[in-house]
Each structure stands twice: as C-alpha cells, then as structure tokens.
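This report concerns only the one structure given below.
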Amino acid sequence: MVTIGGVLQLALKWEHYKLQSDDQGITTVVKERYRLPEGEEQCLQARACSVFDKAATKVVRDMMSNARIQCVCLYYKKIKQQDMNKKLDPSEIYLLEDEYLQVDISGLP
C-alpha cells in the first residue's frame, strides 16, 4: 500500500511506489546507501538511476508473484485442508477474487 495524493492505494507495480511522495524515504535511503563518488559524470548518475529502476521493477513484480503463490498455498492449507504436493503446483493455480480474500496474508514475511 502506498499513499498517493493523501489517498492509500494498492501498489502492484514499481510505478505505484514511484508516484508516492518520498515521505517514506524509499529513493532517499537508496541514494544515501548507494551513490556514486563525488564529481562523477552526470551520465553515470543517469545510468545508475536507470539500472536501479529496472531492478526495482523486477523486485516488485517478483514480490507480487511470490505473494500470489503464498496466498494459494495458504488457501489450500487453511480453507481446503490440503497440503501442496507435486500434483498441486501453486504457481499454476489461480484462485478467484473471493478465494484470495478468504486468506489472511498479513503475517507473511
């Protein structure tokens, strides 16, 4: 969840995180921790920002995919009372919206 324009919204892509104000310091922390030495050329800074943007896009996409798989596993375990096995590949299972909503994922790492 991100706050954009004072409204809490679901963040499904890196673009959603980029739209929020930097109050939470996502880009600030990254720029402080990973920065080019003083006096480096501006083109290197632009390249570094581009590389970070591409990596962040992949991380958020993978995060959403992993959350979906975790949700499927929890649904089968808690609601259907079934454990996942080789026949039940959670990456190949897509639940309906109301089925996803039956699972509490707040405790997931």
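Count the sequence shown with the numbering used here and you get residues 418 to 526, in order. In this text, a Cβ means the ideal position worked out from N, Cα and C, and glycines have one as well. Values in this document were obtained by computation on a predicted structure and should not be read as measured data.
Query: Does residue 489 pass the burial test, meaning 16 or more other C-beta atoms within 10 Å, or should it be called exposed?; Result: buried
Query: Please state whether DSSP places residue 425 in a helix, a strand or coil.; Result: strand
Query: For residue 451, does the count of other Cβ atoms within 10 angstroms reach 16, so buried, or fall short, so exposed?; Result: exposed
Query: With distances taken from CA atoms, which of 467, 455 and 437 is nearest residue 423?; Result: 437
Query: Quick check on the DSSP output: the alpha helix (DSSP H) that includes residue 517 runs from which residue to which?; Result: 514–518
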